[in-house]
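Residues -21 to -1, 1 to 267 (mature numbering (1 follows the signal peptide of the UniProt record, and there is no 0)) make up the sequence shown, in order.
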Amino acid sequence: MNRRTLLAALPIVAMPGLALAQARDPRRLRVALLPDENASTLIQNAQPLKAHLERVLSREIELVVTTDYSSMIEAMRFGRIEVAYFGPFSYVLAKSRAPGIEPFAVGIERGSPTYQSVIVATADGPVKALGDVRGRPFGFGDQASTSSHLIPRALLLTRAQLKGGDDYRPVHLGTHDAVARAVQNGQVPAGALSKAILDVLFERGTVDRAKVVEITLSDPIPNYPMVMQGNLADPLKAAIRDAFLNLRDPAVLGAFRVQGFAPTTDAAYDILRETARVLELDLGRMRG
(Lines of atoms letter the chains of each structure in order from A and count residues from 1; the text may use other names and numbers.)
(Lines give C-alpha, C1' and ligand atoms only; values in the text may rest on other atoms or scores of the structure.)
Protein backbone atom coordinates (compact mmCIF):
# COMPACT_ATOMS: atom_id res chain seq x y z
CA MET A 1 0.00 0.00 0.00
CA ASN A 2 1.53 3.34 -1.00
CA ARG A 3 1.57 6.41 1.29
CA ARG A 4 -1.39 8.13 -0.43
CA THR A 5 -3.55 5.01 -0.17
CA LEU A 6 -2.55 4.51 3.47
CA LEU A 7 -3.53 8.06 4.44
CA ALA A 8 -6.86 7.76 2.67
CA ALA A 9 -7.59 4.55 4.55
CA LEU A 10 -7.04 6.05 8.00
CA PRO A 11 -10.28 6.76 9.91
CA ILE A 12 -11.02 10.43 10.51
CA VAL A 13 -11.29 9.87 14.27
CA ALA A 14 -7.63 8.90 14.29
CA MET A 15 -6.61 12.43 13.24
CA PRO A 16 -8.35 14.90 15.63
CA GLY A 17 -5.39 17.26 15.43
CA LEU A 18 -5.99 17.76 11.71
CA ALA A 19 -9.52 19.05 12.28
CA LEU A 20 -8.33 21.40 15.00
CA ALA A 21 -5.48 22.73 12.85
CA GLN A 22 -7.92 23.60 10.04
CA ALA A 23 -10.20 25.51 12.45
CA ARG A 24 -7.65 28.10 13.53
CA ASP A 25 -9.73 30.99 12.21
CA PRO A 26 -13.34 29.77 12.40
CA ARG A 27 -16.24 31.98 11.30
CA ARG A 28 -18.34 30.58 14.15
CA LEU A 29 -17.07 30.75 17.71
CA ARG A 30 -18.53 28.51 20.39
CA VAL A 31 -18.41 30.30 23.73
CA ALA A 32 -19.08 28.17 26.82
CA LEU A 33 -20.56 29.55 30.02
CA LEU A 34 -19.75 27.86 33.31
CA PRO A 35 -22.72 25.61 34.27
CA ASP A 36 -22.92 26.92 37.85
CA GLU A 37 -26.63 27.85 37.60
CA ASN A 38 -29.68 26.83 35.61
CA ALA A 39 -28.73 26.60 31.91
CA SER A 40 -31.72 28.52 30.54
CA THR A 41 -31.07 31.36 32.98
CA LEU A 42 -27.41 31.52 31.94
CA ILE A 43 -28.26 31.61 28.22
CA GLN A 44 -30.92 34.27 28.71
CA ASN A 45 -28.64 36.49 30.79
CA ALA A 46 -25.83 36.14 28.24
CA GLN A 47 -27.74 37.41 25.20
CA PRO A 48 -26.11 40.88 25.48
CA LEU A 49 -22.72 39.10 25.51
CA LYS A 50 -23.63 37.22 22.33
CA ALA A 51 -24.62 40.46 20.58
CA HIS A 52 -21.45 42.22 21.78
CA LEU A 53 -19.11 39.48 20.53
CA GLU A 54 -20.89 39.16 17.18
CA ARG A 55 -20.53 42.91 16.68
CA VAL A 56 -16.87 43.34 17.66
CA LEU A 57 -15.59 40.03 16.22
CA SER A 58 -17.78 39.97 13.08
CA ARG A 59 -18.42 36.28 13.64
CA GLU A 60 -21.35 34.06 14.49
CA ILE A 61 -21.40 33.31 18.22
CA GLU A 62 -22.92 30.16 19.66
CA LEU A 63 -23.45 30.19 23.43
CA VAL A 64 -22.91 26.80 25.04
CA VAL A 65 -23.85 25.54 28.51
CA THR A 66 -22.64 22.00 29.09
CA THR A 67 -24.36 19.56 31.42
CA ASP A 68 -21.66 19.90 34.09
CA TYR A 69 -18.10 21.07 34.71
CA SER A 70 -16.62 17.78 33.52
CA SER A 71 -18.27 17.93 30.11
CA MET A 72 -17.12 21.54 29.73
CA ILE A 73 -13.53 20.52 30.48
CA GLU A 74 -13.75 17.71 27.94
CA ALA A 75 -15.30 20.02 25.33
CA MET A 76 -12.34 22.38 25.71
CA ARG A 77 -9.90 19.49 25.67
CA PHE A 78 -11.20 18.13 22.35
CA GLY A 79 -11.72 21.48 20.63
CA ARG A 80 -15.53 21.48 20.68
CA ILE A 81 -15.53 25.03 22.08
CA GLU A 82 -13.19 27.92 21.28
CA VAL A 83 -13.71 30.22 24.28
CA ALA A 84 -14.87 29.36 27.79
CA TYR A 85 -15.64 31.06 31.09
CA PHE A 86 -14.18 28.61 33.58
CA GLY A 87 -14.29 28.47 37.32
CA PRO A 88 -10.77 28.79 38.75
CA PHE A 89 -10.40 25.13 39.75
CA SER A 90 -12.19 23.77 36.70
CA TYR A 91 -9.68 25.80 34.66
CA VAL A 92 -6.81 24.15 36.56
CA LEU A 93 -8.30 20.74 35.79
CA ALA A 94 -8.81 21.69 32.13
CA LYS A 95 -5.23 22.95 31.86
CA SER A 96 -3.93 19.66 33.26
CA ARG A 97 -5.71 17.84 30.41
CA ALA A 98 -5.24 20.43 27.65
CA PRO A 99 -1.92 22.24 28.24
CA GLY A 100 -2.37 24.38 25.14
CA ILE A 101 -5.38 26.37 26.37
CA GLU A 102 -4.72 29.97 27.43
CA PRO A 103 -6.33 32.07 30.17
CA PHE A 104 -6.39 35.69 29.02
CA ALA A 105 -8.80 37.69 31.19
CA VAL A 106 -10.11 37.58 34.76
CA GLY A 107 -13.24 39.15 36.20
CA ILE A 108 -12.91 42.20 38.45
CA GLU A 109 -15.28 42.61 41.39
CA ARG A 110 -15.14 45.61 43.71
CA GLY A 111 -11.83 46.54 42.15
CA SER A 112 -10.22 43.14 42.77
CA PRO A 113 -9.66 40.04 40.58
CA THR A 114 -10.82 37.83 43.47
CA TYR A 115 -14.02 36.52 45.04
CA GLN A 116 -14.96 34.40 48.07
CA SER A 117 -16.61 31.15 48.99
CA VAL A 118 -19.24 31.15 51.72
CA ILE A 119 -20.35 28.30 53.97
CA VAL A 120 -24.04 28.54 54.79
CA ALA A 121 -26.44 26.67 57.05
CA THR A 122 -30.17 26.25 57.49
CA ALA A 123 -31.29 29.12 59.73
CA ASP A 124 -33.06 26.96 62.31
CA GLY A 125 -30.84 23.91 61.77
CA PRO A 126 -28.20 22.17 63.87
CA VAL A 127 -25.12 23.81 62.28
CA LYS A 128 -24.13 27.07 63.96
CA ALA A 129 -20.36 26.85 63.46
CA LEU A 130 -17.95 24.84 61.31
CA GLY A 131 -17.40 22.25 64.03
CA ASP A 132 -21.10 21.39 63.97
CA VAL A 133 -20.67 19.87 60.48
CA ARG A 134 -19.06 16.82 62.11
CA GLY A 135 -21.12 13.69 61.58
CA ARG A 136 -23.55 15.39 59.20
CA PRO A 137 -24.04 15.68 55.42
CA PHE A 138 -22.54 18.75 53.77
CA GLY A 139 -23.65 20.16 50.42
CA PHE A 140 -21.07 20.83 47.71
CA GLY A 141 -21.65 21.81 44.09
CA ASP A 142 -19.72 20.22 41.26
CA GLN A 143 -16.56 18.29 42.13
CA ALA A 144 -14.59 20.65 39.87
CA SER A 145 -16.03 23.79 41.48
CA THR A 146 -13.68 26.15 43.29
CA SER A 147 -15.97 27.97 45.70
CA SER A 148 -18.51 25.15 46.01
CA HIS A 149 -16.04 22.32 46.57
CA LEU A 150 -12.26 22.84 46.61
CA ILE A 151 -12.06 25.89 48.87
CA PRO A 152 -14.80 24.96 51.38
CA ARG A 153 -13.37 21.45 51.61
CA ALA A 154 -10.03 23.05 52.52
CA LEU A 155 -11.76 25.38 55.01
CA LEU A 156 -13.38 22.46 56.80
CA LEU A 157 -10.03 20.69 56.99
CA THR A 158 -7.81 23.60 58.03
CA ARG A 159 -10.19 25.54 60.28
CA ALA A 160 -12.18 22.72 61.87
CA GLN A 161 -10.00 19.61 61.24
CA LEU A 162 -12.88 17.95 59.41
CA LYS A 163 -12.00 15.55 56.61
CA GLY A 164 -14.62 14.69 54.01
CA GLY A 165 -15.76 11.07 54.13
CA ASP A 166 -14.29 10.56 57.61
CA ASP A 167 -15.81 13.38 59.65
CA TYR A 168 -18.77 14.40 57.47
CA ARG A 169 -20.61 13.10 54.39
CA PRO A 170 -20.00 15.09 51.18
CA VAL A 171 -23.13 15.49 49.04
CA HIS A 172 -22.48 16.84 45.52
CA LEU A 173 -25.52 18.72 44.24
CA GLY A 174 -24.12 20.01 40.94
CA THR A 175 -24.74 23.75 40.91
CA HIS A 176 -24.38 26.62 43.35
CA ASP A 177 -28.09 27.44 43.32
CA ALA A 178 -28.92 23.80 44.03
CA VAL A 179 -26.73 23.96 47.14
CA ALA A 180 -28.43 27.13 48.36
CA ARG A 181 -31.91 25.66 47.83
CA ALA A 182 -30.98 22.39 49.53
CA VAL A 183 -29.72 24.29 52.59
CA GLN A 184 -32.77 26.56 52.59
CA ASN A 185 -35.11 23.56 52.50
CA GLY A 186 -33.18 21.62 55.15
CA GLN A 187 -32.21 18.81 52.79
CA VAL A 188 -28.63 19.31 53.97
CA PRO A 189 -27.90 21.28 57.16
CA ALA A 190 -24.98 23.16 55.61
CA GLY A 191 -23.23 23.69 52.29
CA ALA A 192 -20.97 25.99 50.32
CA LEU A 193 -21.14 28.17 47.23
CA SER A 194 -19.85 31.39 45.72
CA LYS A 195 -20.65 34.42 47.87
CA ALA A 196 -21.37 36.42 44.70
CA ILE A 197 -23.88 33.84 43.50
CA LEU A 198 -25.54 33.66 46.92
CA ASP A 199 -26.01 37.44 46.89
CA VAL A 200 -27.63 37.23 43.44
CA LEU A 201 -29.94 34.43 44.61
CA PHE A 202 -30.98 36.58 47.57
CA GLU A 203 -31.60 39.58 45.29
CA ARG A 204 -33.72 37.53 42.88
CA GLY A 205 -35.73 36.03 45.72
CA THR A 206 -34.70 32.53 44.63
CA VAL A 207 -33.38 31.94 48.15
CA ASP A 208 -34.99 33.37 51.31
CA ARG A 209 -32.53 35.37 53.42
CA ALA A 210 -34.47 34.42 56.52
CA LYS A 211 -33.91 30.71 55.94
CA VAL A 212 -30.16 30.68 55.21
CA VAL A 213 -27.39 31.96 57.48
CA GLU A 214 -23.74 32.56 56.58
CA ILE A 215 -21.28 30.67 58.80
CA THR A 216 -17.91 31.76 57.41
CA LEU A 217 -16.18 33.29 54.40
CA SER A 218 -13.03 32.05 52.70
CA ASP A 219 -9.95 34.11 52.00
CA PRO A 220 -9.93 35.79 48.55
CA ILE A 221 -9.82 33.35 45.60
CA PRO A 222 -8.51 34.15 42.09
CA ASN A 223 -11.61 34.97 40.06
CA TYR A 224 -13.08 33.09 37.09
CA PRO A 225 -10.84 33.22 34.00
CA MET A 226 -11.80 33.60 30.36
CA VAL A 227 -9.91 30.93 28.42
CA MET A 228 -9.32 30.34 24.71
CA GLN A 229 -7.90 27.60 22.55
CA GLY A 230 -4.18 28.18 22.05
CA ASN A 231 -4.26 27.07 18.41
CA LEU A 232 -6.47 29.92 17.21
CA ALA A 233 -4.92 32.35 14.73
CA ASP A 234 -3.01 35.16 16.45
CA PRO A 235 -5.16 38.01 15.03
CA LEU A 236 -8.32 36.25 16.24
CA LYS A 237 -6.81 35.67 19.68
CA ALA A 238 -5.92 39.35 19.93
CA ALA A 239 -9.44 40.34 18.89
CA ILE A 240 -11.04 38.01 21.45
CA ARG A 241 -8.73 39.33 24.16
CA ASP A 242 -9.60 42.94 23.33
CA ALA A 243 -13.32 42.14 23.19
CA PHE A 244 -13.21 41.26 26.90
CA LEU A 245 -10.51 43.58 28.23
CA ASN A 246 -12.19 46.63 26.65
CA LEU A 247 -15.67 45.61 27.76
CA ARG A 248 -17.50 48.36 29.69
CA ASP A 249 -21.20 47.67 29.07
CA PRO A 250 -22.92 46.76 32.39
CA ALA A 251 -25.57 44.78 30.52
CA VAL A 252 -22.89 42.49 29.10
CA LEU A 253 -20.80 42.31 32.26
CA GLY A 254 -23.89 41.33 34.23
CA ALA A 255 -23.73 37.83 32.73
CA PHE A 256 -20.43 37.36 34.58
CA ARG A 257 -21.37 39.18 37.81
CA VAL A 258 -18.26 41.37 37.40
CA GLN A 259 -17.46 45.05 36.85
CA GLY A 260 -14.87 44.42 34.15
CA PHE A 261 -11.99 42.22 33.03
CA ALA A 262 -8.22 42.47 33.54
CA PRO A 263 -5.37 40.46 31.95
CA THR A 264 -4.36 37.22 33.67
CA THR A 265 -1.95 34.30 33.26
CA ASP A 266 -1.81 30.66 34.26
CA ALA A 267 0.46 31.47 37.23
CA ALA A 268 -2.40 33.30 38.97
CA TYR A 269 -4.04 29.91 39.60
CA ASP A 270 -1.06 28.19 41.22
CA ILE A 271 -2.65 28.80 44.64
CA LEU A 272 -5.43 26.38 43.67
CA ARG A 273 -2.93 23.74 42.61
CA GLU A 274 -1.32 24.14 46.04
CA THR A 275 -4.73 23.82 47.74
CA ALA A 276 -5.38 20.62 45.81
CA ARG A 277 -1.98 19.33 46.96
CA VAL A 278 -2.83 20.08 50.61
CA LEU A 279 -6.07 18.15 50.17
CA GLU A 280 -4.09 15.33 48.54
CA LEU A 281 -6.19 15.50 45.38
CA ASP A 282 -4.87 13.84 42.25
CA LEU A 283 -5.78 16.24 39.44
CA GLY A 284 -5.18 13.56 36.85
CA ARG A 285 -7.74 11.24 38.43
CA MET A 286 -10.42 13.76 39.34
CA ARG A 287 -13.63 13.57 37.36
CA GLY A 288 -13.48 16.02 34.49
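Idealized CB from N, CA, C, for every residue including glycine.
Limits of the unbroken alpha helix (DSSP H) element including residue i
{"i": "residue 321", "result": "Outside the modelled stretch of the chain, which goes from -21 to 267, sits residue 321, for which no answer is possible."}
{"i": "PRO168", "result": "Neither: PRO168 is in no alpha helix (DSSP H) and is coded neither H nor E."}
{"i": "TYR70", "result": "67 to 76"}
{"i": "LYS216", "result": "213 to 224"}
{"i": "HIS155", "result": "155 to 163"}
{"i": "ARG256", "result": "249 to 257"}
{"i": "GLU53", "result": "48 to 56"}
{"i": "LEU232", "result": "229 to 232"}
Beta carbon of residue i nearer than 9 Å to that of residue j
{"i": "ILE219", "j": "LEU8", "result": "yes"}
{"i": "LEU172", "j": "GLY110", "result": "no"}
{"i": "VAL192", "j": "ALA255", "result": "no"}
{"i": "VAL186", "j": "LEU177", "result": "yes"}
{"i": "VAL162", "j": "ALA100", "result": "yes"}
{"i": "ALA63", "j": "GLY118", "result": "no"}
{"i": "VAL10", "j": "ILE80", "result": "no"}
{"i": "ASP221", "j": "VAL35", "result": "yes"}
{"i": "VAL85", "j": "ASN202", "result": "yes"}
{"i": "PRO82", "j": "TYR248", "result": "yes"}
{"i": "ALA108", "j": "ILE194", "result": "yes"}
{"i": "PRO27", "j": "ALA175", "result": "no"}
{"i": "GLY184", "j": "TYR147", "result": "no"}
{"i": "ASN164", "j": "ARG3", "result": "no"}
The beta strand (DSSP E) enclosing residue i, as first and last residue numbers
{"i": "LEU8", "result": "7 to 11"}
{"i": "residue 268", "result": "A question about residue 268 goes unanswered here, because the residues of the chain that appear run from -21 up to 267."}
{"i": "VAL62", "result": "62 to 64"}
Sheet register partners of residue i (DSSP bridge)
{"i": "PRO96", "result": "Residue identity differs from the one stated: residue 96 is Ser in this sequence, not Pro. Answer is SER173, bridged to SER96."}
{"i": "PRO82", "result": "VAL206"}
{"i": "PRO116", "result": "ARG148"}
{"i": "THR101", "result": "VAL191"}
{"i": "LEU42", "result": "VAL10"}
{"i": "PHE240", "result": "GLY86"}
{"i": "SER91", "result": "GLU88"}
{"i": "GLY143", "result": "TYR147"}
{"i": "PRO201", "result": "THR93"}
{"i": "LEU21", "result": "According to DSSP, which records beta bridges pairwise, LEU21 is partnered with nothing at all."}
{"i": "residue 281", "result": "The chain is shown only over -21 to 267; residue 281 falls outside these bounds and no answer can be derived."}
Distance cut-off 8 Å: residue i Cβ against heavy atoms of the ligand PLP
{"i": "VAL97", "result": "Judged by which ligands are present, the structure shown has none, so any question about the ligand PLP falls away."}
If we count Cβ pairs, one from each stretch, closer than 8 Å, do we get three or more for the region 118 to 134 versus the region 145 to 163? yes
Would you check if the region 54 to 73 and the region 133 to 141 touch, i.e. whether three or more CB-CB distances between them fall below 8 Å? no
Using 8 Å as the Cβ pair cut-off and three pairs as the minimum, do the region 31 to 47 and the region 65 to 75 touch? no
Pairs of beta-carbons, one from the region 74 to 89 and one from the region 17 to 26, closer than 8 Å: are there three or more? no
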